[in-house]
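Numbering-wise (the working numbering), the sequence shown opens with residue 80 and increments by one. In this text, a Cβ means the ideal position worked out from N, Cα and C, and glycines have one as well.
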Amino acid sequence: MEPISERFLADYADTAQRGQSAGTAQEPLTLPPSAPPELQEHFTRLVQEKRELKDYADRVTRELRRYQQSRPQPAATPEDDLPLPPWATNMQMMSPLLFAYEERIAELEAVIERSVSLAEQAQLLAKENDQLRGELHERTEQLRNAQVLGGVSGEVQSLNTKEQQEEIQELYRLSVEQNEALAQQNQLLKLQLERMQQTLAAGRQQAQEVYVKAHENQNALSEERQRGEVLARQRVAAEQKLEEVTADLLEQMGKRDALEAEIEALRHEVDVQKQTADINQKSFSERCALALDEEERLKAELARCTKSEREYRRQALEAQKNLDETAEQLHLARKELESSKQTAEEFLQSTETLQRRLLDIKDMHEDKKAQLAETEAKLAELQIEKDRWMGTEEATKKQAERVEARLREENNTLKMEKEQEFSSFKSSQQRITDDLKKRLRLSEQRASEAEAKVSLYEKQREWEASALERQSTSHREEIERLRSDCEEAQQARLRLDRHNAELQQQNARLQAKLEATSADTKEQNTRSAAEQASLRSQLQAAEQRLTQVQDELKSALTRNHTCEENLLKAQSDLQEERLR
């Protein structure tokens, strides 16, 4: 049985590889885009099934090639030259058999691997037992030699011998235990090997029975295969006729779809043009409304700007008035400063006159001094007349002293008065000048602020005027652009109306053509429907025959399934016995 199975696998791999190469060399079939959706769905489903079968064939060929490479080539037998049975090339029937055969082979390989591993473990245990026996033998010889030479050694040797005896006893006990375990494992291995041989013999018998049944099924399948080939040829002829009819039908449907597509395209174009015209009209109306709103907003903003300009003018006039008032105050302050300067000059003139009077008094005093000196000279000259003029001299001296004291007091009082007047005048002038300076600074600050406000108002007015001019220009440009858009929209609407009229004429012509072609296609459809009905009746008869053949194949598969179940039960029993 093994050579036949190897040859069957090799032939199966070759046929699958040839089918794969033929499938790759064949160009893929495609349907025209105008085919009906049901036919396209059926075609895509068939393409997907073909792809799945191709992938399955690739996987099976890879597994078969791996199996052939991992196993040696069997010896040649006379049965190898026999032709393959026809059921061997049927994928639907052979795929479950191949799976079951592969599972059975995998289980047997696992059993063989387990037995090999158990045998290796038994060999290792036997080697360890031999090593323990050798060590025990060496220790016993050492113990005997130690007992013979025991008189020579002292107490230390006696202690060593006791330790060695204890170790030897432990080793002996371990070796006995290991020997018992090995004996038990050997017995279990023998029992497992016997059970495995029994199960292998039963499996071989069952495989032989399955092979006999398969041979019987092969003969039945050969007959059914011949019938199936006849039916397949009939089915191929019917499919060819059906393909011809469907091709004609697809051509007519393609023409019809093309005409309908043209009509739909024209309708869509008309709808798009109508929508664009409506959109342009709406956008024009919206732009007009926006332009009116913008115009009203600009008018309101212009009124607000004029109002603000008037307010700014009023503020500028007030600022100008304030500036004039500050200028008048500055002029008055300057006048007061000039008058204060004049009073200071008059005061200086009065001080100069007082100084001149003081100088005159000093001159008079010097003159008096000169007269006094002259009198003293006269007194010196007239010393003889001293007694006579003594009274007069003393009187003149007293009078001179009184005059001099009086003059000095008057001079001091005049100096003090002038100094006080000058200090009070100086402080008053300083206060007046400080006040005038403060007023001048305030007036200058107010004038600078008023000038800054006036310049700011003028700049703001210029900016608002420029903004209004820009807005007015943009508004004019927007109005002109909207007018041009309105004119273009009107022209486009006129063009669309003309184009719509042309399209309606074309639509009428195409509808007439479509009615003529639809009448022709209806006649062809009736003829093709009659042919399809006859072909369907033939296909139904062929399918009934195929169902009968499939029922017979199912009965054969059920018988094979029962055999496989018996094999599985035997394997489960074998596993239970192994676990025990």
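Item: For LEU589 and GLU341, believed in contact at Cβ under 8 angstroms, the rounded distance; Value: 6 angstroms
Item: Contact between the stretch 355 to 365 and the stretch 567 to 580 (3+ Cβ pairs under 8 angstroms); Value: yes
Item: Meets three-Cβ-pair contact criterion under 8 angstroms: the stretch 335 to 351 and the stretch 535 to 542; Value: no
Item: Distance between GLU559 and GLN360 (C-alpha atoms, nearest Å); Value: 17 angstroms
Item: Cα-Cα separation between LYS516 and GLU543, rounded to whole angstroms; Value: 40 angstroms
Item: LEU250 beta carbon less than 8 angstroms from that of LEU215; Value: yes
Item: C-beta contact flag for LYS334 and THR596 at 8 angstroms; Value: yes
Item: DSSP-derived helix/strand/coil call for ALA580; Value: helix
Item: CA-to-CA distance, ARG555 to ARG549, given in whole angstroms; Value: 10 angstroms
Item: Where THR689 sits in the DSSP three-state scheme; Value: No information on residue 689 is available, as it lies outside the stretch 80 to 659 that the chain covers here.
Item: Exposed unless 16 or more other CB atoms sit within 10 angstroms - verdict on LEU427; Value: exposed
Item: Outcome for ALA529 when other beta-carbon atoms lying within 10 angstroms are tallied against a minimum of 16; Value: buried
Item: Which listed residue (GLN394, ALA155, ARG212, GLU343) has its alpha carbon closest to that of LYS532; Value: GLN394
Item: Proximity below 8 angstroms, CB of LEU197 to CB of LEU268; Value: yes
Item: Distance CB(ARG520)-CB(ASN401) smaller than 8 angstroms; Value: no
Item: Check whether GLU518 and GLN408 have beta carbons under 8 angstroms apart; Value: According to the sequence as given, residue 518 is Arg; it is not Glu. The answer is yes: Cβ separation under 8 angstroms.
Item: ALA474 in three-state terms, based on DSSP; Value: helix
Item: Where ALA452 falls, given that 16 or more other Cβ within 10 Å makes a residue buried; Value: exposed
Item: Span separating the alpha-carbon of LEU581 from that of GLN570; Value: Going by the sequence as given, residue 581 is Glu instead of Leu. Those two C-alpha atoms are separated by around 17 angstroms.
Item: Close-in-space but distant-in-sequence residues of the same chain around GLU496 (CB under 6 angstroms, 5 per side omitted); Value: none
Item: Alpha-carbon to alpha-carbon, GLN623 and VAL309; Value: 14 angstroms
Item: Short Cβ contact (8 angstroms threshold) for LEU338 with LYS592; Value: yes
Item: Best match in GLU318, ARG130, ARG487, LEU270 for proximity to LEU658 [C-alpha to C-alpha]; Value: LEU270
Item: Residue environment, ALA154, which counts as buried when at least 16 other CB atoms sit within 10 Å; Value: exposed
Item: Chain C contact for SER545 (CB, 8 angstroms cutoff); Value: Given the protein chain composition of this structure (a single chain), no chain C is represented.
Item: Every unbroken alpha helix (DSSP H) inside the stretch 179 to 205 [4 residues or more]; Value: none
Item: LYS601 versus LYS129: straight-line alpha-carbon distance, rounded; Value: 34 angstroms
Item: Neighbour-count burial assignment, GLN331, 16 or more Cβ in a 10 Å radius; Value: buried
Item: LEU411 and ILE440 closer than 8 angstroms at C-beta; Value: no
Item: Under 8 angstroms between C-beta atoms of ASP336 and GLN603; Value: no
Item: Cβ-based burial, LEU438 [other Cβ within 10 Å; buried from 16]; Value: exposed
Item: Nearest candidate by alpha-carbon position, reference ALA185, set LEU647, GLU610, GLU217; Value: LEU647
Item: Nearest-angstrom Cβ-Cβ length linking LEU561 and CYS367, presumed shorter than 8 angstroms; Value: 6 angstroms
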